[in-house]
Amino acid sequence: MTQATETKTVAGEKSQDVKGLVTQFMAYLEREGYCKDTRYPYWLGRLARLGANLLDPESVKKVIGKQEVKDGTKIQYVAAYAVFASMLKIEWKPPKYTQEEILPFIPDEKELDQLISFARSRRMATFLQCLKETWADPSEALGLRWIDISGNIITINKPVKGHLPRQLQVSTKLIAMINALPKKSERIFPMTYRTLYTCYAYVRKRAAQVHQNPRLLSIELRSFRHWGGTMLAHYTNGNVLKVKEKLGHKSILSTMKYIRLIHFEESEFEVATAETVEEAKQKLAAGFDFVTEKAGIMLFRRPKRFHFYGV
């Protein structure tokens with residue numbers, strides 16, 4: 001056997017060993033009741049592809065440490081390997097990383113609509129529309145079942161860590177899109193997160209090329225939620241408790257970042273006036289904000305581009 005052949009054989013055996021460990025890990029996660037769409041297997045497999053020996057915690061620690069990524073990503077690696085080490089009863093002292101405080105990228109509504117319109121698959125278009133109207137975490141939307149739909153109310157019964165179950169009113173448009181999908185599974189969107197993201201990345205890339213808008217490439221699936229949260233904050237005049245309720249946050253600290261993010265250009269408002277108290281009440285009930293009063297005429301404005309359901 002030549003050295004090249006021997007090297008190839010060893011590499012092949014190592015690949016098979018890694019696949020076996022990942023398969024074992026996935027079975028363990030299922031037995032322990034982890035979410036079906038947990039990304040732990042992805043992070044574990046990526047560690048192996050980066051050169052880590054999964055059976056050697058020091059090797060894993062070294063590989064994680066030298067990655068030129070944000071600490072938030074390293075935390076994902078550490079969390080996944082911690083569960084894996086627990087499965088095999090491997091002792092290790094996980095490195096400590098601190099989640100960076102960064103402001104999320106907030107797209108325009110028209111950019112979200114462009115992505116939805118570029119989805120050739122009805123299921124993908126419906127999923128993105130669902131994210132836009134429910135402000136759900138992508139994993140929460142993936143877990144939606146047909147029994148979670150009642151009229152135009154969507155119930156999120158499988159919240160991700162740090163979120164609470166909640167009910168949200170959505171548009172008849174979204175309900176019609178959902179009802180047009182085939183009912184071949186208990187879940188409305190019977191696909192894995194990895195498959196979903198691969199398809200979404202293609203849609204995003206194609207939309208960015210056609211519209212010549214590189215900003216679209218920065219829109220992650222969670223950007224729909226970030227957009228909704230900032231618009232909620234503005235629409236409710238910074239009502240932290242209302243935003244917390246609609247986003248399903250357990251901690252109010254998670255809500256606070258949305259309160260100061262949104263900024264509107266003057267052209268993005270529609271303006272109304274009122275001369276009497278009754279007219280002013282009507283404008284406030286319609287979602288307009290009072291701005292000022294000039295010559296006995298009260299001026300109001302509200303964002304043009306945002307439409308809420310059930311708020």
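For the sequence shown, position 266 matches number 266 in this note's numbering, and the numbering has no gaps at all. For every residue, glycine included, the Cβ atom is placed at its ideal position computed from N, Cα and C.
ask   = What's the gap between the Cα of glycine 162 and the Cα of histidine 249?
value = 6 Å
ask   = Where does glutamine 67 sit, in a helix, a strand or coil, going by DSSP?
value = coil
key: Close Cβ partners of alanine 274 (< 6 Å) along its chain, the five nearest in sequence each way excluded   = Ala280, Lys283, Met298
query = Between the Cα of glutamine 209 and the Cα atoms of Lys93, Ala176, Val291, Gln114, which residue gives the shortest distance?
reply = Gln114
inquiry  = Can you tell me where the alpha helix (DSSP H) holding glutamine 282 begins and where it ends?
reply    = 277 to 285
key: For alanine 208, three-class secondary structure by DSSP   = helix
key: Runs of alpha helix (DSSP H) lying entirely within the region 35 to 98, each at least 4 residues, in chain order   = 40 to 49, 57 to 65, 71 to 88
query = Across which residues does DSSP place lysine 294 in a beta bridge pair?
reply = Ile297
task = Whole angstroms is fine: what's the gap from valine 10's alpha carbon to aspartate 17's?
result = Note that valine 10 scores a pLDDT of 33, beneath 50, so its modelled location is shaky; the value from the coordinates is reported in the next line. About 10 Å.
key: Nearest to cysteine 130 (by Cα), restricted to the options Asn152, Leu174, Lys158, Gln99   = Leu174
key: Sub-8 Å separation of threonine 134 and valine 170 beta-carbons   = yes
inquiry  = Distance check for glutamate 186 and alanine 79, CA to CA, integer angstroms please.
reply    = 30 Å
task = Note down, in chain order, each residue of its chain lying with its Cβ closer than 6 Å to the Cβ of glycine 12, except the 5 sequence neighbours on either side.
result = Any reading at glycine 12 needs caution, since the residue's pLDDT is 41, under 50, leaving its predicted position unreliable; the model's value is listed next. Around glycine 12: no qualifying Cβ.
inquiry  = Using the Cβ count rule (16 or more neighbours within 10 Å means buried), how would you classify aspartate 137?
reply    = buried
ask   = For the candidate residues Asn237, Lys93, Ser254, Leu88, whose alpha-carbon lies nearest to that of leucine 164?
value = Ser254
inquiry  = Does the structure place the region 55 to 62 close enough to the region 79 to 93 that three or more beta carbon pairs sit under 8 Å?
reply    = yes
task = List the DSSP bridge partners of arginine 187.
result = Arg145
inquiry  = With H, G and I counted as helix, E and B as strand and the rest as coil, what does DSSP make of arginine 217?
reply    = Per the sequence shown, residue 217 should be read as leucine rather than arginine. Of the three classes helix, strand and coil, the one that applies to leucine 217 here is helix, per DSSP.
ask   = Taking the alpha-carbon positions, what's the asparagine 239 to arginine 166 distance?
value = 18 Å
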